[in-house]
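Engineer: Here it is, the structure, as structure tokens.
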Amino acid sequence: MVTFFAVLLLTLVVVRWLSRSLVVRPVLQLNSAAKQLATGNWNATLPSDRTDELGELSASFNSMASQLQTSFATLEQKVEERTLELAEAKEKADTANQAKSEFLANMSHELRTPLNGILGYAQILQNGEPLTERGKKGIDIISGCGNHLLNLINDVLDLAKIEARKLELYPGDVYFPAFIEGIAEMMRVRASQKGIPFTYEPDLDLPTGITVDEKRLRQVLINLLGNAIKFTEQGGVTFRVKIHKLETATYQIRFEVEDTGVGILPTGLKKIFQPFEQVGDVKKQAEGTGLGLAISQQIVSLMGSTINVESQIGKGSTFWFVVELTEAKEWATSLRTTKQGKIVGFEGSQRRVLVVDDRWENRSVVVSLLEPLGFAVIDACNGREGLAKANQMCPDLIITDLRMPEMDGYEMLRQLRQIPELKDIPAIASSANVFESNQNQSIAAGADAFLPKPVDALALLKLVEKYLNLEWIYQENSLAFELMTVNLQEESSSTPEEIVPPTDEILSQLHTLALQGRLMAIEQQLKTLEKADEKYQPFIQQVRQYADNFQTEKIRTFIEQYLANAKS
């Protein structure tokens with residue numbers, strides 16, 4: 008019995024030793040090697056002299072480790088090669104983008120420069136001596152074609168800004184009723200020229216002032232309305248503006264353009280907002296670049312919204328977008344306009360203006376716009392000469408180009424601001440390079456304002472008025488106009504009994520227009536009333552005085568007293 012247990016114990020010891028030597032130890036070695044492999048030690052191997060299953064497992068493990076080592080080495084090489092390729096591709100892309108930006112900047116400058124002469128002299132001729140009907144028509148054609156080309160250039164530049172993610176909004180305070188009605192009136196004229204009706208349906212509670220990028224919002228609305236008119240042959244175009252006040256100083260405004268044009272296929276709706284894509288009538292496609300809607304969508308996106316569209320072939324399309332805008336309080340001081348007519352001079356002593364530009368035609372445009380108004384204009388062909396003449400003449404205002412030989416406008420402005428006697432002279436940078444970077448760079452160099460080329464006569468005169476603190480003299484400032492002004496002052500103090508109001512129907516129409524803020528429509532109604540009978544003149548002058556100062560509430564109050572008298 009003892010012998011049996013001794014043999015059994017010995018057998019167990021032998022079995023344990025054999026299992027440890029033949030099974031457990033190889034498994035532990037495999038586990039250790041796997042851990043080393045996991046840490047990146049590709050040299051971890053197992054003895055492969057056995058011929059059993061564990062030997063085959065060890066051989067497979069060693070083969071796997073070898074393959075992983077080879078793959079990892081190859082992967083590192085591929086990663087290095089790919090990283091190098093990506094770096095080279097990025098460098099090429101950056102170089103290409105830089106080249107494209109430089110090309111666009113140069114093309115913008117080269118195209119805008121001759122346009123400055125074309126459009127500049129078109130404005131000069133339009134505002135100069137009376138032309139024959141044929142001559143006026145010719146100038147209008149030149150101006151229209153030039154502005155069309157300018158719009159195409161601006162579209163391409165806007166697309167470049169979008170691609171470079173440099174398109175930004177610059178909100179300002181806007182007198183909203185006049186702003187939106189101005190667009191509506193412009194489109195009404197365009198629709199009338201085509202022979203189709205145009206309907207403007209504003210909300211009765213339009214906010215007086217809003218904060219928005221006026222230029223970009225106008226660009227979007229003109230594009231949508233222009234497309235609607237272009238693709239509509241029968242029926243008409245309707246422009247709606249709906250208001251929903253969210254909070255005390257916030258409005259949700261819906262802009263909607265509906266037409267009865269050709270409509271858009273479902274396949275076209277998918278690509279209509281893509282650059283260079285045009286849908287609809289092939290004949291109409293030739294009239295544009297296919298960039299307008301793409302740019303408009305990006306602008307509206309920056310405003311936090313999206314342009315939506317519904318369309319049916321043969322029935323028409325409806326485009327709309329909804330934006331949230333805050334109420335503005337300072338619109339009156341920033342956007343007050345006049346309707347006094349053509350400027351022919353200014354009050355006070357003569358002012359000296361220095362114009363610095365390397366191209367004589369650019370200097371000539373500004374000289375021809377300012378000299379007839381009584382300015383003494385001095386010109387220089389580069390920054391060095393401009394600085395010398397500024398020292399010599401001490402002008403009241405400087406208008407300078409930026410790209411010039413010998414000394415450019417940037418350097419001239421920097422040096423100008425270092426000269427004690429000249430550092431306070433207001434300076435306007437005027438350039439065909441209209442990228443924001445150029446504008447910001449000119450302001451940083453010392454310019455007070457930036458005026459893009461081609462030069463717009465009205466924009467130039469607004470800046471001159473601002474920086475020289477001028478009061479313009481208008482063509483209507485004749486004896487007749489002075490008498491009318493005296494009459495206006497006298498009639499302003501007239502009692503309601505002395506003023507003869509028009510019919511109740513016209514009073515109601517004027518009251519509704521004032522409620523809607525439609526000042527241009529009020530002016531048209533007043534002109535019609537002027538032709539009807541001279542007895543309405545005191546009434547007309549009083550309403551016009553309020554309208555010229557954007558006092559729609561006073562117009563309503565003034566009219567309501569006559570409506571109340573009619574009912575009593």
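The end of the sequence shown is residue 575 by the numbering used here, with every number in the run present. Note that beta-carbon positions come from the ideal geometry of N, C-alpha and C, so glycine has one too. These figures come from a predicted structure and were not determined experimentally.
#1: For D266, tell me which candidate among M194, I314, T239 has the shortest Cα-Cα distance.
#2: Between which two residues does the beta strand (DSSP E) containing E265 stretch?
#3: Just reading off the alpha helix (DSSP H) that Y417 is part of, what are its end residues?
#4: Just the C-alpha distance for P461 and E567, rounded to the nearest angstrom, thanks.
#5: Looking only at DSSP bridge pairs, what is H116 linked to?
#6: Please check the pair W367 and R261, which I expect to be a contact at CB under 8 Å, by giving their CB distance rounded to whole angstroms.
#7: Hey, how far is the Cα of D386 from the Cα of L404?
#8: Please classify T564 as buried or exposed, where buried requires at least 16 neighbouring CB atoms within 10 angstroms.
#9: Identify every residue that forms a DSSP beta bridge with F183.
#10: What is the DSSP secondary structure of E240, reduced to helix, strand or coil?
#11: Using alpha carbons as the reference points, say which of T215, I302, T102 lies closest to L224.
#12: First and last residue of the alpha helix (DSSP H) that includes S375?
#13: What are the boundary residues of the beta strand (DSSP E) that includes L458?
#14: Does the contact criterion of 3 or more C-beta pairs under 8 Å hold for the region 193 to 212 versus the region 245 to 265?
#15: Taking contact to mean 3 or more Cβ pairs, one atom from each stretch, closer than 8 Å, check whether the region 94 to 101 and the region 431 to 449 are in contact.
#16: Confirm, please, whether the CB-CB distance from R410 to G416 is below 9 Å.
#17: Tell me whether T564 sits in a helix, a strand or coil according to DSSP, three-state version.
#18: Just mark Q531 as buried or exposed, buried being the case when its beta carbon has 16 or more other beta carbons within 10 Å.
#19: List the endpoints of the continuous alpha helix (DSSP H) containing V550.
#20: How is P121 classed by DSSP in three states: helix, strand or coil?
#21: How would you call L93, buried or exposed, if buried means at least 16 neighbouring beta carbons within 10 angstroms?
#22: Between the Cα of F382 and those of Q304, V307, I432, L475, spot the shortest distance and give me the residue it belongs to.
#23: Write down the C-beta distance between G216 and Y258 rounded to the nearest angstrom, noting that I regard them as a contact closer than 8 Å.
#24: Would you tell me roughly how many angstroms separate the C-alpha atoms of E317 and D555, rounded to the nearest one?
#25: Which residue wins for smallest C-alpha separation from V219, given the options K538, L332, D455, N123?
#26: Tell me whether R247 sits in a helix, a strand or coil according to DSSP, three-state version.
#27: Tell me which residue opens and which closes the beta strand (DSSP E) that I306 is part of.
#28: So which of M414, L211, L82 has the shortest CA-CA distance to K249?
#29: Whole angstroms are fine: how far does the CA of K542 sit from the CA of E498?
#30: Would you kindly work out how many angstroms separate the C-alpha atoms of S199 and I529, rounded to a whole number?
#31: Is it the case that the Cβ atoms of N154 and L126 are separated by a distance below 9 Å?
#32: Are the beta-carbon atoms of E221 and L526 separated by less than 9 Å?
#33: Taking the continuous beta strand (DSSP E) assigned at Y474, which residues delimit it?
#34: With D431 and D364 assumed to form a contact (beta carbons below 8 Å), what rounded beta-carbon distance in angstroms separates them?
#35: Classify I271 as buried or exposed, calling it buried when 16 or more other Cβ atoms lie within 10 Å of its own Cβ.
Structural biologist: Based on what the coordinates show:
#1: Along the sequence shown, one-based indexing puts residue 266 at 259. Taking the Cα of D266 as reference, the smallest distance to any Cα among M194, I314, T239 is reached at T239.
#2: Position 258 of the sequence shown, counting from 1, holds the residue named residue 265. For E265, the enclosing beta strand (DSSP E) begins and ends at 257 to 266.
#3: Translated into positions along the sequence shown, residue 417 becomes position 410. Taken as a continuous stretch (DSSP letters only), the alpha helix (DSSP H) holding Y417 covers 416 to 423.
#4: Translated into positions along the sequence shown, residue 461 becomes position 454. Translated into positions along the sequence shown, residue 567 becomes position 560. Those two C-alpha atoms are separated by around 47 Å.
#5: Position 109 of the sequence shown, counting from 1, holds the residue named residue 116. Residue pairing of H116 in beta bridges, as defined by DSSP: absent, with no partner found.
#6: Taking the first residue of the sequence shown as position 1, residue 367 is located at position 360. Taking the first residue of the sequence shown as position 1, residue 261 is located at position 254. Contact between W367 and R261 does not hold, since the beta-carbon distance rounds to 50 Å and is not under 8 Å.
#7: The sequence position of residue 386 within the sequence shown is 379, counting from 1. The sequence position of residue 404 within the sequence shown is 397, counting from 1. So the alpha carbons of these two residues sit roughly 12 Å apart.
#8: Sequence index remark: in the sequence shown, residue 564 carries index 557 (1-based). A residue is called buried once 16 or more other Cβ atoms fall within 10 Å of its Cβ, and T564, having fewer, is exposed.
#9: The sequence position of residue 183 within the sequence shown is 176, counting from 1. Residue pairing for F183: DSSP places it in no beta bridge.
#10: Within the sequence shown, numbered from 1, the residue matching residue 240 stands at position 233. DSSP places E240 in coil when its eight states are reduced to three.
#11: As a position in the sequence shown, residue 224 is number 217, starting the count at 1. When each option's Cα is compared against that of L224, the closest is I302.
#12: As a working mapping, residue 375 is identified with position 368 in the sequence shown. Segment 367 to 377, the alpha helix (DSSP H) holding S375.
#13: One-based indexing of the sequence shown puts residue 458 at position 451. DSSP places L458 inside the beta strand (DSSP E), whose first and last residues are 456 to 459.
#14: Yes, the region 193 to 212 touches the region 245 to 265.
#15: With a cut-off of 8 Å, the region 431 to 449 and the region 94 to 101 do not count as touching, because too few Cβ pairs lie within range.
#16: Counting from one through the sequence shown, the residue named residue 416 turns up at place 409. Counting from one through the sequence shown, the residue named residue 410 turns up at place 403. The answer is yes: Cβ separation under 9 Å.
#17: Residue mapping note: residue 564 aligns to position 557 of the sequence shown, counting from 1. DSSP, read as helix, strand or coil, puts T564 in helix.
#18: Counting from 1 along the sequence shown, the entry for residue 531 is found at position 524. By the neighbour-count definition (other C-beta atoms within 10 Å, threshold 16), Q531 is an exposed residue.
#19: Along the sequence shown, one-based indexing puts residue 550 at 543. Per DSSP, V550 is one residue of the alpha helix (DSSP H) stretching across 544 to 555.
#20: Position 114 of the sequence shown, counting from 1, holds the residue named residue 121. Helix at P121.
#21: By one-based count along the sequence shown, residue 93 stands at place 86. Flag for L93 reads exposed.
#22: Indexing the sequence shown from 1 puts residue 382 at position 375. Comparing Cα positions, the closest option is L475.
#23: As a position in the sequence shown, residue 216 is number 209, starting the count at 1. As a position in the sequence shown, residue 258 is number 251, starting the count at 1. Their Cβ separation, rounded to whole angstroms, is 11 Å, which puts G216 and Y258 out of contact at 8 Å.
#24: Position 310 of the sequence shown holds residue 317. Position 548 of the sequence shown holds residue 555. Cα to Cα, the separation comes out at about 39 Å.
#25: Taking the first residue of the sequence shown as position 1, residue 219 is located at position 212. When only C-alpha atoms are compared, the closest one is L332.
#26: Position 240 of the sequence shown, counting from 1, holds the residue named residue 247. In the structure shown, R247 adopts extended strand secondary structure according to DSSP, grouped into three states.
#27: Residue 306 sits at position 299 when you count from the first residue of the sequence shown. For I306, no beta strand (DSSP E) encloses it; the enclosing alpha helix (DSSP H) starts and ends at 299 to 309.
#28: For the purposes of this step, residue 249 is taken as the residue at position 242 of the sequence shown. For the residues M414, L211, L82, the minimum Cα distance to K249 belongs to L211.
#29: On the sequence shown, position 491 is the one that residue 498 refers to. On the sequence shown, position 535 is the one that residue 542 refers to. Any reading at E498 must be qualified, since the residue scores a pLDDT of 40, below 50, and its modelled position is unreliable; the value itself is stated next. Taking the CA atoms as reference points, E498 sits about 12 Å from K542.
#30: Your numbering for residue 199 matches position 192 in the sequence shown. Your numbering for residue 529 matches position 522 in the sequence shown. Each residue's alpha carbon lies about 19 Å from the other.
#31: Counting from 1 along the sequence shown, the entry for residue 154 is found at position 147. Counting from 1 along the sequence shown, the entry for residue 126 is found at position 119. Going by C-beta atoms, N154 is nearer than 9 Å to L126.
#32: Counting from one through the sequence shown, the residue named residue 221 turns up at place 214. Counting from one through the sequence shown, the residue named residue 526 turns up at place 519. Between E221 and L526, the C-beta gap is not smaller than 9 Å, which leaves the two residues out of contact.
#33: Translated into the one-based positions of the sequence shown, residue 474 becomes position 467. Per DSSP, Y474 is not a residue of any beta strand (DSSP E); the alpha helix (DSSP H) it occupies stretches across 464 to 475.
#34: Taking the sequence shown and counting its residues from 1, one reaches residue 431 at position 424. Taking the sequence shown and counting its residues from 1, one reaches residue 364 at position 357. Not confirmed; about 23 Å, so no contact.
#35: Within the sequence shown, the letter at position 264 stands for residue 271. By the neighbour-count criterion, in which 16 or more other beta carbons inside 10 Å mark a residue as buried, I271 falls on the buried side.
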